[in-house]
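Undergrad:
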Amino acid sequence: MHADTVVFGGPPQDRWFSTIVEVETEMSEQKLRQTVEAAEMLRLETRKPVYVIFITPDPGAARFTEPVEIHSGCLTIIMQPVIVGPDRIPVLTDAKQMAADLLTAALSVMAHGHLPEVAEAFIKLLTDLPDDDAASLFGYTIDMAAPQARRLLEETVTTYIPEHSPWAQSLYRKGQAAGLEEGEHRGRAAGEAASVLAVLRFRGIDVPLDRHQQITTCTDLALLEVWLRRALEATHIDDLFDDGSGSEPRT
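The sequence shown begins at 999 in the numbering used here and counts up by one.
(1) V1082 bridges to which residues according to DSSP?
(2) Could you tell me the distance, in whole angstroms, from the CA atom of T1023 to the CA atom of G1071?
(3) Between which residues of its own chain and A1192 is the CB-CB distance below 7 Å, once the five residues before and five after are set aside?
(4) In terms of alpha-carbon separation, which member of T1215, D1056, A1117, Q1078 lies closest to A1187?
(5) Grab me the residues of T1003's own chain with a C-beta within less than 6 Å of its C-beta, minus the 5 sequence neighbours each way, in chain order.
(6) Sort D1092, K1122, I1140 by Cα distance to M1108 and report the nearest one.
(7) Which word fits P1084, buried or exposed, when buried means at least 16 other C-beta atoms lie within 10 angstroms of its C-beta?
(8) Between K1046 and the rest of its own chain, which residues show a CB-CB distance below 6 Å, the 5 nearest in sequence each way excluded?
(9) Closest by CA to Q1028, which one among R1228, V1005, L1042, F1062?
(10) Is it buried or exposed for I1081, if we count other Cβ within 10 angstroms and need 16 for buried?
(11) What residue ranges within the region 1000 to 1077 form continuous alpha helix (DSSP H) runs of no fewer than 4 residues, ordered along the chain?
(12) Assign T1139 to one of three DSSP states: helix, strand, or coil.
(13) Measuring CB to CB, does A1232 end up less than 8 Å from L1238?
(14) What span of residues does the alpha helix (DSSP H) with T1102 cover, start to end?
(15) From R1148 to V1194, what does the alpha carbon distance come to, in whole angstroms?
(16) Determine the direct distance from the alpha carbon of A1196 to that of H1112, and round the result to whole angstroms.
(17) Could you name the residues of the same chain whose beta carbon sits closer than 8 Å to that of A1060, not counting the 5 residues immediately before and after it, in chain order?
(18) Could you give the DSSP three-state label for V1224: helix, strand or coil?
(19) Taking 8 Å as the threshold (C-beta atoms), are I1051 and T1017 in contact?
(20) Could you tell me the boundaries of the alpha helix (DSSP H) in which D1237 lies?
(21) Closest by CA to M1077, which one among V1205, A1229, T1033?
(22) Exposed or buried, what is M1096 when buried is set at 16 or more other beta-carbons lying within 10 Å of its beta-carbon?
(23) Quick one: what's got a C-beta closer than 8 Å to P1057's C-beta in the same chain, skipping five residues either side?
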């Protein structure tokens, strides 16, 4: 079981508490029950309190605020998660506000990207960022957003970004601004590739030019997902690939 993020409080040898944070495009009972089990495993491992937070653009998230119970023999495990739905995420409509807090900007677009004023402010923000950062943030955010928000973001890019701008050219090459089915596939692949590179950058792993090109030009979504999972635990760029070519995922 892998949570999106686990935050530990206190020193490694004596945790004070743990917090599981899940970002869910759409909430479900199944996901809640899986997280109950993950939280219990973490509690048994640390013997300390565990808290659970769900961040979601799902407009129906409020229906999942009741405690979740799992019964097993004579044991009952109850989880009371914190649900951060659209109503608890700020609506940012100004690019300067977004620039002051990129994480909140990503969450705002995830939850409210279906609003034209939010999408337009986000695209303006991206034009002020370095090309690589803009592409990574766009890919990460659009991957979290609900389908309606994704469509509007892609349409807004097409409308407001000059085709001659360096970032737009990079984005168009990856197919993220295309409206055709093939373009949508390439856009998803480009977003996944950007996520892989963002994780590697966060972990301080050097990505040679040939590997960078291999990742950004890959359109195999299954393979990109494998690379993304490996990137979470990688210590060297070669950990993503099974052989010299890196063309096949390891089993």
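Backbone N, C-alpha and C define an ideal beta-carbon position, used for all residues, glycine too. Just so it is clear, the structure is predicted and the values come from calculations on it, not from any experiment.
TA: On the basis of the data shown:
(1) In the sequence shown, residue 1082 corresponds to position 84, counting from 1. BP columns for V1082 point to I1053.
(2) Here residue 1023 is taken as the residue at index 25 of the sequence shown, counted from 1. Here residue 1071 is taken as the residue at index 73 of the sequence shown, counted from 1. So the alpha carbons of these two residues sit roughly 33 Å apart.
(3) For the purposes of this step, residue 1192 is identified with residue 194 of the sequence shown, where counting begins at 1. These residues qualify, in order along the chain: A1133, S1134, G1137, Y1138.
(4) The count along the sequence shown starts at 1 and reaches residue 1187 at position 189. Nearest option by C-alpha distance: T1215.
(5) Position 5 of the sequence shown, counted from the start, is the residue given in the question as residue 1003. For T1003, where only same-chain residues beyond five positions count, the Cβ hits under 6 Å are V1019.
(6) In the sequence shown, the residue the question calls residue 1108 occupies position 110. For M1108, the nearest C-alpha among the options comes from I1140.
(7) As a first step, residue 1084 is located in the sequence shown; it is residue number 86 there, counting from the start. Buried, because 16 or more other Cβ atoms sit within 10 Å of the Cβ of P1084.
(8) For the purposes of this step, residue 1046 is taken as the residue at position 48 of the sequence shown. R1013, F1015, listed in sequence order.
(9) Sequence index remark: in the sequence shown, residue 1028 carries index 30 (1-based). Of the candidates R1228, V1005, L1042, F1062, the one whose C-alpha sits nearest the C-alpha of Q1028 is F1062.
(10) As a position in the sequence shown, residue 1081 is number 83, starting the count at 1. Label assigned to I1081: buried.
(11) 1027 to 1044
(12) On the sequence shown, position 141 is the one that residue 1139 refers to. T1139: helix per DSSP, three-state reduction.
(13) Stepping through the sequence shown from its first residue, residue 1232 is reached at position 234. Stepping through the sequence shown from its first residue, residue 1238 is reached at position 240. In this structure, L1238 lies closer than 8 Å to A1232 by Cβ.
(14) What you label residue 1102 is simply residue 104 of the sequence shown in a count that begins at 1. Its alpha helix (DSSP H) spans residues 1100 to 1110.
(15) Reading the sequence shown from its first residue, position 150 is the one you call residue 1148. Reading the sequence shown from its first residue, position 196 is the one you call residue 1194. Near 19 Å, if we compare the C-alpha coordinates of V1194 and R1148.
(16) For the purposes of this step, residue 1112 is identified with residue 114 of the sequence shown, where counting begins at 1. For the purposes of this step, residue 1196 is identified with residue 198 of the sequence shown, where counting begins at 1. Their Cα atoms are separated by approximately 25 Å.
(17) The count along the sequence shown starts at 1 and reaches residue 1060 at position 62. Within the same chain, A1060 has close Cβ partners I1081, G1083, D1085.
(18) One-based indexing of the sequence shown puts residue 1224 at position 226. Residue state, collapsed to three classes: helix.
(19) Position 19 of the sequence shown, counting from 1, holds the residue named residue 1017. Position 53 of the sequence shown, counting from 1, holds the residue named residue 1051. Going by C-beta atoms, T1017 is nearer than 8 Å to I1051.
(20) Position 239 of the sequence shown, counted from the first residue, corresponds to residue 1237. Neither: D1237 is in no alpha helix (DSSP H) and is coded neither H nor E.
(21) The count along the sequence shown starts at 1 and reaches residue 1077 at position 79. The shortest Cα separation from M1077 among V1205, A1229, T1033 belongs to T1033.
(22) Taking the first residue of the sequence shown as 1, we reach residue 1096 at position 98. It is buried - the Cβ of M1096 has at least 16 other Cβ atoms within 10 Å.
(23) Stepping through the sequence shown from its first residue, residue 1057 is reached at position 59. Correct list, in chain order: G1083, P1084.
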